[in-house]
Amino acid sequence: MAEVKLLKTWSSHFALRVVWALKLKGVQFDSIEEDLSNKSPLLLQHNPVYKKIPVLVHNGRAISESLVILEYIDETWKQYPLLPDDPYERARARFWAKFSDDKVFPSIWGVFIKQGKEQEEAFAQVFENFSFLEEELKGKKFFGGEKIGYADLALGWIAERVFELEEIGVKVIEKEKFPLVSAWMQEFLKVPVIKESLPPHEKLVTKMRGIREKYLGAAHPK
Amino acid sequence: MADEVILLDFWPSMFGMRVRIALAEKGVKYEYKEEDLKNKSPLLLQMNPVHKKIPVLIHNGRPVCESSIIVQYIDEVWKDKAPLLPSDPYQRAQARFWVDFIDKKMYDASTKTWTTKGEEQEAAKKEFFEALKTLEGQLGDKPFFGGDNFGYLDLSLIPFYYTYETFGKSSVEAECPKFKAWVKRCLQRETIAKALPDEKKVLEHASGMSKNLVLE
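Chains as they are written, first to last, in this note's numbering: chain A, 40 to 261; chain B, 200 to 415.
Structural data, given as structure tokens:
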């Protein structure tokens, strides 16, 4: 019988993508929680290049990098396809997934670790990125169309983190300015598999608050 | 109906080279359009509004951006000839992982070896060679990264050989003999010889880069 293990942490949004993908496809798997301050021999063995999670181990063979893992999952388990059949639509889905990691995440991180004027300046990049997402969502409920797909899973961390960010005082999106992205975020979080897999809200808020304070403290030492 | 394929590109771009090689491997006829990156064409801005970068493949009027995405697109559309990715999902995942590694670990280091000096340049060279050694480990004794056949990972890495050629030839030859043999094998392929620009031209362009040109 196929054996699937996922090395992850409770808070990593990269690992969460993989959890979502496996659950959408109904694939049974074992979660192995990693302590990144004390990495297990298993993690070091299975991801010697980066020593990071998530790592999917399928029948003893390891795959790393969340977007690579997502494509592997899609090609191995055919139920609930994450990528469309058409090559052009596949290229588009891959484009927006890459955009999430190359552009959106660094821009939101930039706003998250700053305050005052520096933060204001960093917001310009966030707005620009959301404008592109707003444009892409025209005429669509999800990036994948009627159902969530690869691009939604890749971008889904935004929907998931926006509320924690707001709670710690970092408001990254205004409904009036980005109605389609806001609607997408709400619809995405309503999908049962997504909803039931979210990390514990309070625990995440506490963690994120701690990280932000650490960066602000380092930037403006007393 | 005949396919209309246009490639917006910049001749020394390592990312553009990947796409040129892929198109050549598949025998696809296309129109090559050289972009002036200091004066980007309306077509480029229209076809890649998000990044405004080359390469962009325009297939029957529809744009595909990002070299790794373009190469996979080419492999999926022209699937009857010269498969670039392996058919097994685990092997495909490995190929994607290593192309991502090249983009994360080698591109910045490679650019810095052209555009910086002194300590920064030395650090970049070191980083580049370490990445190269890691990749050489993946190659092992196979003729190509894809095994017997030239593929996605091979074409994604070969454009970086210019960096190795100009900045580290002697040490790479000594320390990475398998890589050196692989480079030679690749350069013997007609498709690569056609797609890669002349080494001297690339060196001239690179010395211009040391005086602050932009390579995108």
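No residue lacks a Cβ here, since even glycine has one placed at the ideal position from N, Cα and C. This structure is a prediction, so every number in the text was calculated from the model and none was measured.
Own chain residues within Cβ distance below 6 angstroms of residue i, not counting five before or after
{"i": "residue 116(A)", "result": "64 and 66"}
{"i": "residue 195(A)", "result": "227"}
{"i": "residue 258(B)", "result": "204"}
{"i": "residue 208(B)", "result": "215, 253 and 254"}
{"i": "residue 102(A)", "result": "95, 108 and 111"}
{"i": "residue 153(A)", "result": "161"}
Bounding residues of the beta strand (DSSP E) (the contiguous stretch that carries residue i)
{"i": "residue 281(B)", "result": "From DSSP, residue 281(B) is part of no beta strand (DSSP E); its letter is neither H nor E."}
{"i": "residue 259(A)", "result": "Careful: residue 259(A) lies outside any beta strand (DSSP E) and carries neither H nor E."}
{"i": "residue 304(A)", "result": "Here chain A comprises residues numbered 40 to 261, so residue 304(A) is not present and cannot be evaluated."}
{"i": "residue 69(A)", "result": "69-72"}
{"i": "residue 237(A)", "result": "Per DSSP, residue 237(A) belongs to no beta strand (DSSP E) and is neither H nor E."}
{"i": "residue 233(B)", "result": "230-233"}
{"i": "residue 204(B)", "result": "204-208"}
{"i": "residue 395(B)", "result": "Segment: none, residue 395(B) is in no beta strand (DSSP E) and carries neither H nor E."}
Separation of residue j from residue i, as counted between CA atoms
{"i": "residue 288(B)", "j": "residue 274(B)", "result": "15 angstroms"}
{"i": "residue 353(B)", "j": "residue 343(B)", "result": "7 angstroms"}
{"i": "residue 86(A)", "j": "residue 337(B)", "result": "14 angstroms"}
{"i": "residue 245(B)", "j": "residue 218(B)", "result": "20 angstroms"}
{"i": "residue 432(B)", "j": "residue 137(A)", "result": "For residue 432(B) there is no data in the structure shown, the boundaries of chain B being 200 and 415."}
{"i": "residue 401(B)", "j": "residue 127(A)", "result": "32 angstroms"}
{"i": "residue 98(A)", "j": "residue 45(A)", "result": "12 angstroms"}
{"i": "residue 316(B)", "j": "residue 406(B)", "result": "12 angstroms"}
{"i": "residue 388(B)", "j": "residue 242(B)", "result": "32 angstroms"}
{"i": "residue 163(A)", "j": "residue 145(A)", "result": "13 angstroms"}
{"i": "residue 319(B)", "j": "residue 304(B)", "result": "15 angstroms"}
{"i": "residue 216(B)", "j": "residue 206(B)", "result": "11 angstroms"}
{"i": "residue 158(A)", "j": "residue 200(A)", "result": "18 angstroms"}
{"i": "residue 394(B)", "j": "residue 124(A)", "result": "30 angstroms"}
{"i": "residue 181(A)", "j": "residue 214(A)", "result": "17 angstroms"}
{"i": "residue 262(A)", "j": "residue 51(A)", "result": "Residue 262(A) lies beyond the range of chain A shown here (40 to 261); nothing can be said about it."}
{"i": "residue 151(A)", "j": "residue 254(A)", "result": "9 angstroms"}
{"i": "residue 278(B)", "j": "residue 285(B)", "result": "12 angstroms"}
{"i": "residue 301(B)", "j": "residue 355(B)", "result": "8 angstroms"}
{"i": "residue 262(B)", "j": "residue 174(A)", "result": "16 angstroms"}
{"i": "residue 77(A)", "j": "residue 133(A)", "result": "33 angstroms"}
{"i": "residue 90(A)", "j": "residue 202(B)", "result": "44 angstroms"}
{"i": "residue 225(A)", "j": "residue 53(A)", "result": "20 angstroms"}
{"i": "residue 232(A)", "j": "residue 55(A)", "result": "11 angstroms"}
{"i": "residue 381(B)", "j": "residue 183(A)", "result": "40 angstroms"}
Where residue i falls, given that 16 or more other Cβ within 10 Å makes a residue buried
{"i": "residue 122(A)", "result": "buried"}
{"i": "residue 172(A)", "result": "buried"}
{"i": "residue 247(B)", "result": "buried"}
{"i": "residue 211(B)", "result": "buried"}
{"i": "residue 218(A)", "result": "exposed"}
{"i": "residue 191(A)", "result": "buried"}
{"i": "residue 80(A)", "result": "exposed"}
{"i": "residue 73(A)", "result": "buried"}
{"i": "residue 235(A)", "result": "exposed"}
{"i": "residue 239(A)", "result": "exposed"}
{"i": "residue 271(B)", "result": "buried"}
{"i": "residue 178(A)", "result": "exposed"}
{"i": "residue 231(B)", "result": "exposed"}
{"i": "residue 130(A)", "result": "buried"}
{"i": "residue 221(B)", "result": "buried"}
{"i": "residue 267(B)", "result": "buried"}
Chain-order list of residues whose beta-carbon lies under 8 angstroms from that of residue i (same chain, five-residue window excluded)
{"i": "residue 140(A)", "result": "106 and 193"}
{"i": "residue 244(A)", "result": "203, 206 and 207"}
{"i": "residue 308(B)", "result": "323, 324, 326, 327 and 330"}
{"i": "residue 249(B)", "result": "264"}
{"i": "residue 377(B)", "result": "335, 338, 339 and 340"}
{"i": "residue 112(A)", "result": "57, 60, 61, 64, 66, 95 and 121"}
{"i": "residue 332(B)", "result": "374 and 375"}
{"i": "residue 415(B)", "result": "Low local confidence applies: a pLDDT of 45 at residue 415(B) is under 50, so the model's placement there is unreliable, with the coordinate-based value given in what follows. Within the same chain, residue 415(B) has close Cβ partners 209, 212, 236, 252 and 253."}
{"i": "residue 233(B)", "result": "208, 209 and 210"}
Residue i: first and last residue of the uninterrupted alpha helix (DSSP H) it sits in
{"i": "residue 112(A)", "result": "105-115"}
{"i": "residue 81(A)", "result": "80-85"}
{"i": "residue 225(B)", "result": "213-225"}
{"i": "residue 288(B)", "result": "288-300"}
{"i": "residue 88(A)", "result": "Careful: residue 88(A) lies outside any alpha helix (DSSP H) and carries neither H nor E."}
{"i": "residue 121(A)", "result": "Where residue 121(A) is concerned, there is no enclosing alpha helix (DSSP H), given that its DSSP letter is neither H nor E."}
{"i": "residue 94(A)", "result": "Residue 94(A) -> not in any alpha helix (DSSP H); beta strand (DSSP E) instead, spanning 94-97."}
{"i": "residue 308(B)", "result": "306-314"}
{"i": "residue 57(A)", "result": "52-63"}
Contact set for residue i: own chain, Cβ-Cβ below 7 angstroms, skip 5 residues either direction
{"i": "residue 147(A)", "result": "165 and 211"}
{"i": "residue 119(A)", "result": "63 and 64"}
{"i": "residue 75(A)", "result": "48"}
{"i": "residue 168(A)", "result": "142, 143 and 146"}
{"i": "residue 70(A)", "result": "45 and 47"}
{"i": "residue 209(A)", "result": "150 and 151"}
TODO: Could I get the ranges of all uninterrupted alpha helix (DSSP H) runs contained in the region 333-391 of chain B, with 4 residues as the minimum, in chain order?
DONE: 351-356, 360-366, 368-374 and 376-386
Open item on the list: If we require 4 or more residues per run, which alpha helix (DSSP H) segments fall completely within the region 142-208 of chain A?
Closed with: 144-151, 155-175 and 189-206
- [ ] May I have a chain-ordered list of the alpha helix (DSSP H) segments no shorter than 4 residues that lie completely inside the region 233-280 of chain B?
- [x] 241-246 and 266-276
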